[in-house]
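Student: Numbering (this note's numbering), first residue to last: 356 to 644.
Quick one: the structure is below, and I'll ask about it shortly.
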Amino acid sequence: MDNDGFNANSITMVSLTVQAQFTLRGVVTDGPLAQASVVAAVGAQRFTATADAEGRYSLPVVSSTPSDFVTLTATGAGAQSAVVLSSLVGEVSGLAAAVQGDAVTSAAARGLMVTHLSSAQAGFMAQAGRLPASNAELLEAAQKLDSMAVLDAAALVKLVVDFGVALPAGMATTRDLLASAPLLTAFEDARRLANATQLTAVRDGVLADPALASPPPLPQTGPVSLLFAYGAGGAAIPVHSVELRPDGSATVVSDTRQASRWRLVGQRVELRPVQGKTAPAPSCCAATT
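The following block contains the structure:
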């Protein structure tokens, strides 16, 4: 013990917990879902807010675990109480990195847009048995989605929300419908029989809607090949083909093989050639005249 009465051999352990505190700002929309109750599940914690008349919400959250996964659920008010939309946002670490001032917005984290499309994506993932709980699991699940099936399911939700189509008997909410593969298929079949033109038009509207968080994830289990031709049917003349690969690389084949990079821009595929990487095309694939 020293002259001040302290034991020089004693050790005191101090544990510090660092918390991330920020506000999530986004929109609940299938057309705005006014006064929707919005719940953010952040790991095991729950935070709630109420959207305004335009579907906008501001939701403060706190987490001390960077790997906490964030899921948003929005439930309609009053006559829209059967409308339950979802969005799988991602881990806290990614959101914290996107904070500007004290908030992260849907411009920086598109998962903060809670839509019929994000709900369809979450529904198909739920059909697989469990929802993702990490960014890696979310990416893996997204790569397995059938983009056209997601679009069709989003259109079915829109029919319920915007066109007054009743949910199937025994289904309490749109989320329940999306999570049940057999009931969703039966509902789609019934709507195609009742009004296939309406379903197709609504699906096309979903695909073209610029307010949606993002296009449906493209299947990424292997390359996708596109063939461009002049003419139709048996008179079609191949002009060039494009192979798009999941890693963002591509090959454009016409008179030569051109290495390229591709990305989605809205609903368009943008191709950029890689300079200096061309080779003669094989004779089977060259353009003919």
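Note that CB positions come from ideal geometry on N, CA and C, so glycine has one too.
It should be emphasised that the depicted structure is a prediction, and the values quoted were computed from it without experimental measurement.
Just mark Ala408 as buried or exposed, buried being the case when its beta carbon has 16 or more other beta carbons within 10 Å.
Tutor: Exposed, because fewer than 16 other Cβ atoms sit within 10 Å of the Cβ of Ala408.
Student: Return helix, strand or coil for Arg485, following the three-state DSSP convention.
Tutor: Of the three classes helix, strand and coil, the one that applies to Arg485 here is coil, per DSSP.
Student: So the candidates are Val608, Ser615 and Leu472; which of them puts its Cα closest to the Cα of Arg530?
Tutor: Minimum Cα distance to Arg530 is reached at Leu472.
Student: Please report how far the alpha carbon of Thr661 lies from the alpha carbon of Asp564, in whole angstroms.
Tutor: The requested residue 661 does not occur in the structure, where the chain is confined to residues 356 to 644.
Student: To the nearest angstrom, report how far apart Gln390 and Gln476 are at their CA atoms.
Tutor: When rounded, the distance between both Cα atoms is 23 Å.
Student: What are the residues that DSSP puts in a beta bridge with Leu443?
Tutor: Answer is Thr426, bridged to Leu443.
Student: Could you tell me whether the Cβ atoms of Leu486 and Gly445 are closer together than 8 Å?
Tutor: Not a contact, by the Cβ cut-off of 8 Å.
Student: Between Val438 and Leu533, what straight-line distance do the alpha-carbon atoms span, to the nearest angstrom?
Tutor: Approximately 11 Å, taken between the alpha carbons.
Student: Identify the residues that DSSP records as bridge partners of Thr414: which are they?
Tutor: Sequence check: residue 414 is Leu here, not Thr. Leu379.
Student: Measuring alpha carbon to alpha carbon, tell me which of Leu414, Phe402, Leu626 and Thr555 ends up nearest Lys513.
Tutor: The shortest C-alpha separation from Lys513 is found at Thr555.
Student: Grouping DSSP H, G and I as helix and E and B as strand, with all else coil, what is Pro387?
Tutor: Pro387 falls in the strand class under three-state DSSP.
Student: From Gly307 to Val597, what distance separates their C-alpha atoms?
Tutor: In the structure as shown, the chain starts at 356 and stops at 644, and residue 307 therefore has no counterpart that could be examined.
Student: So, is Arg558 buried or exposed, given that buried needs 16 or more other C-beta atoms within 10 angstroms?
Tutor: The residue in question, Arg558, is buried, as its Cβ has 16 or more Cβ neighbours within 10 Å.
Student: Should Gly478 be labelled buried (16 or more other beta-carbon atoms within 10 Å of its own) or exposed?
Tutor: By the 10 Å Cβ count, Gly478 comes out buried.
Student: Locate the alpha helix (DSSP H) running through Thr529, then write down its first and last residues.
Tutor: It spans Thr529 to Leu533 - the alpha helix (DSSP H) in which Thr529 sits, taken as one unbroken run.
Student: For Ser474, which of helix, strand or coil comes out of DSSP?
Tutor: Three-state result, Ser474: helix.
Student: With DSSP as the reference, label Arg600 as helix, strand or coil.
Tutor: Arg600: coil per DSSP, three-state reduction.
Student: DSSP has Ala395 in a bridge; who is on the other side?
Tutor: In DSSP, Ala395 forms a bridge with Phe402 and Leu427.
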